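According to the working numbering, the stretch in the sequence shown is residues 367 to 789, in order.
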Amino acid sequence: MNNGKTSSDGRSILVIGGGIAGLTAAIEAAEAGCTVILIEKSAFLGGRTIGFNLYFPKLCPPACGFEINFRRIRNNPRITVLTQAELEELSGTAGNYRATIRLSPRFVTEACTLCGACAEACPAERPDEFNFGLSKTKVAYLPHKMAFPAEYVIDRSACKKICTACVEACRYGAIDLGQKVERKKFQVASVVLATGWAPYDATRITNLGFGRFPNVITNVVLERMAAVNGPTAGRILRPSDRKEPESVAFVQCAGSRDENHLPYCSSVCCSASLKHSTYIHSLYPEAQVTIFYIDTRTPGFLQNFYTKVAANEHLKMIKGKVGRVEEDLETHDLLVTAEEVLTGRKLTQKFSMVVLATGIVPQTDGLPLNVARDQFGFVTNGTPGIFAAGCAKRPEEVSATVRDATGAALKALQCAVRSAHHG
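Structure follows, in structure tokens:
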């Protein structure tokens, strides 16, 4: 893997974001012969997708695909990987952009052997953002078991004052608490924006109870619960009492297709909730699952997935928008009220848990001002030499994101080739 030397030939590609879109774009461009600088603001590559339990529709784990991609990166000297890195400034024009990258200190060097002694010695804890705060890690921590780069990191903002326990515990001298912010400059021909997405903030949907009722969770939280490396070791449990749920309601379009929140459809939520129902039934075959939906949107080959999952006798589909969720104060069960469109009846049903299918919000804040975005924050491809990929461009599922990122890599590569010929 490249050691991060500055490229000055104007033929490199800068890829911003190390999720599935950024990884794909970087690997495809590098394997086609181009030098690539891949930057990621977190301490590891993989983005949100690496935290998934399974992909739909095949219901296979993402670990194998990421393992292959990480190997492709390690074996390709054309790729420079910079984590905890953010674009600070971008100037110039297509074929001749100048990028300044800000690197936050990791406080752990490449001498790290993953022995874990620093974490064992560390006296302080922090919320684990990989598990959406449902668990904690030590301040000296490995982001997750498949983390790439495979190095610990120290969250200095959560350290106890004047603590050097990690330094004293490390036999390999891999802890450097004196690291400072660095800046690197690169000259690049083109830029791929693969900054990814975040789930919509469900606390803003006040009628659905998230943040007030412990047994109302979101789809991304359920995904981590179902994962064996998640906060509940693969068991889906009610947060209030850690009991197995007897009944679960999924509320589709939680904040989506709503003028007060996200006016657009996030495209993946229906398939994701169907997938999540299979998680529940694989653990608790007799559990009653109800999906409240406006429309089921499972286009193309995903329709077969819908047909297969919906055939489960313990899954009920109700066409109707949920108006409110209330809590039984004694049992912490949840009362879901919705209007059933097909009958015109107003229904109120009790469930052990409620899962909100929150939508996709693009993470495009902080991008250069000359990058065009629509009213929702999605990047529109209109700036010469700058190409968006994946959920920075539109809400997409994983396979579509991979295809889109491959296309973005081709466009960026064409720009790099043209700049080399004209240089």
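We put the CB at the ideal spot given by N, CA and C, even for glycine.
A quick note: this is a predicted structure, and the numbers were derived from the prediction, not measured.
Query	Result
Out of I528, A592, F717 and R492, which has the shortest C-alpha to C-alpha gap to V655?	F717
Could you check which residue in E452, A409, L628 and E476 has the C-alpha nearest to that of A465?	E452
Should N497 be labelled buried (16 or more other beta-carbon atoms within 10 Å of its own) or exposed?	buried
Taking E491 as the reference, which of G482, A506, L480 and S622 has the closest Cα?	A506
Relative to the ligand ATP, is the shortest distance from any of its heavy atoms to the C-beta of I379 smaller than 7 Å?	In the structure on display, the ligand ATP does not appear, and there are no ligands present to speak of.
With burial defined as no fewer than 16 other Cβ atoms inside 10 Å of the residue's Cβ, what is the status of A392: buried or exposed?	buried
Considering only C-alpha positions, which residue in the set V587, I520 and F671 is nearest to L543?	I520
If you count every other CB in all the chains shown that lies within 10 Å of the CB of S374, and 16 or more means buried, which is it?	Residue placement at S374 cannot be trusted, given a pLDDT of 38 that sits under 50; the coordinates are not used to answer.
With DSSP run on the structure shown, which of helix, strand or coil describes M512?	coil
Quick one, which of H642, L779 and Y659 has its alpha-carbon nearest K424's?	H642
What are the complete beta strand (DSSP E) segments, minimum 3 residues, inside the segment 612 to 697?	613 to 620, 654 to 659, 681 to 685 and 688 to 693
Which residues does DSSP pair with R492 in a beta bridge?	T503
Just tell me which of P471, E406, F422 and S408 has its CA closest to the CA of A766.	F422
In this structure, does DSSP put T714 in helix, strand or coil?	strand
Please state the DSSP three-state secondary structure of E705.	strand
Rank D731, D694 and T561 by C-alpha distance to the C-alpha of L353 and give the top, closest one.	In the structure displayed, the chain extends from 367 to 789; residue 353 sits before or after that span and is not available.
Leaving aside the five residues before and after F667 along the sequence, list all residues of the same chain whose C-beta is less than 8 Å from its C-beta, in chain order.	P423
Leaving out five residues on either side along the sequence, give the residues of the same chain with a beta carbon under 8 Å from the beta carbon of I684.	T656, I657, F658, Y659, A704, E706 and L713
On the three-state DSSP scale, how would you describe S374?	In this prediction, S374 has a pLDDT of 38, which is less than 50 and means its spatial position is unreliable; nothing more can be read from the coordinates.
Grab the span of the beta strand (DSSP E) containing A723 for me, first residue to last.	M719 to T724
Could you have a look at T466 and say whether DSSP puts it in helix, strand or coil?	strand
Figure out for me which residue from L681, L701, L695 and L420 has the closest Cα to the Cα of G689.	L701
I believe V554 touches I752 by the beta-carbon criterion, under 8 Å. Please report the beta-carbon distance rounded to the nearest angstrom.	Their Cβ separation, rounded to whole angstroms, is 10 Å, which puts V554 and I752 out of contact at 8 Å.
At 4 residues or longer, and completely inside the segment 546 to 620: list those alpha helix (DSSP H) runs for me, N to C.	585 to 592
By DSSP's criteria, F753 is part of a beta bridge. Which residues make up the other side?	V558
Do I602 and L649 have their C-beta atoms closer together than 8 Å?	yes
For V764, which of helix, strand or coil comes out of DSSP?	helix
Keeping to the same chain, check which residues put their C-beta closer than 8 Å to that of A489; ignore five residues upstream and five downstream.	For the record, residue 489 in the displayed sequence is Pro; it is not Ala. Correct list, in chain order: K526, C529 and A531.
Quick test of your reading: I386 and G413, contact by CB under 8 Å. State the CB separation rounded to the nearest angstrom.	6 Å
Would you call the CB atoms of P580 and H698 closer than 8 Å?	yes
Please confirm whether A419 and A593 have their CB atoms less than 8 Å apart.	What sits at residue 419 in the sequence shown is Asn, not Ala. Going by C-beta atoms, N419 is nearer than 8 Å to A593.
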